[in-house]
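Asks: Each residue of the sequence shown is one higher than the one before, counting from 7 in our numbering. Below is a structure I'd like to ask you about.
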Amino acid sequence: MLVRVEGLEKLGYARVTRLRLGDGQRRVEVEIPDKVLAEAGLSPSDGDLFEVEARKEPLDLKDWDIVMQGEVYLKRSNPPRVYASLWGLQLVLEDPEAPESFNIGDKVYLCIRAKR
Numbered sequence: 007m008l009v010r011v012e013g014l015e016k017l018g019y020a021r022v023t024r025l026r027l028g029d030g031q032r033r034v035e036v037e038i039p040d041k042v043l044a045e046a047g048l049s050p051s052d053g054d055l056f057e058v059e060a061r062k063e064p065l066d067l068k069d070w071d072i073v074m075q076g077e078v079y080l081k082r083s084n085p086p087r088v089y090a091s092l093w094g095l096q097l098v099l100e101d102p103e104a105p106e107s108f109n110i111g112d113k114v115y116l117c118i119r120a121k122r
């Protein structure tokens, strides 16, 4: 899905950036270590355009700037959200299809690339 940065928050105590991404109907909130962003050559700011996919399988990953793996630990239906831990970092998928696509305990691969 093609999304824009709607907000970001630097979590200085952990050297992590919390990105809020959305397309008007769906939202993704993810915590990414600043070191990972730097290694990927990314310095996101409000309005930047990204492509994001959340999937169960680690299919072709080579064309992505960042790939993070985690596990779904919570689902909510109103609003439709899926929560996952990416090795202790938080991922929230707010999407009407997400609760049907993922179950608790499922692996999730979050793939991110900047639209240049």
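Built from N, CA and C at the ideal position, the CB exists for glycine as well.
1. Considering residue 83, what are the terminal residues of the beta strand (DSSP E) in which it resides?
2. Starting from residue 43, trace the alpha helix (DSSP H) in both directions and tell me its first and last residue.
3. CB residue 9 to CB residue 58, shorter than 8 Å?
4. Looking at C-alpha atoms only, which residue of 17, 116 and 14 is the closest neighbour of residue 73?
5. Do you know whose CA, among 48, 39, 29 and 7, lies nearest residue 18's CA?
6. Tell me the rounded alpha-carbon separation between residue 4 and residue 69.
7. Helix, strand or coil for residue 106? Go by DSSP, reduced to three states.
8. Could you check what DSSP says for residue 27 in three-state terms: helix, strand or coil?
9. Name the two residues that bound the continuous beta strand (DSSP E) containing residue 89.
10. Take residue 37 and list the residues in its own chain whose beta-carbon comes closer than 6 Å to its own, dropping the five residues that flank it on each side.
11. Helix, strand or coil: how does DSSP classify residue 59 here?
12. Do residue 81 and residue 105 come within 8 Å of each other at the CB atom, strictly closer than that value?
Replies: With the given structure in hand:
1. 72-83
2. 40-45
3. yes
4. 116
5. 39
6. Lying before the first or after the last residue shown, residue 4 is absent from the chain, which here runs from 7 to 122.
7. helix
8. strand
9. 86-92
10. 22, 24, 95 and 96
11. strand
12. yes
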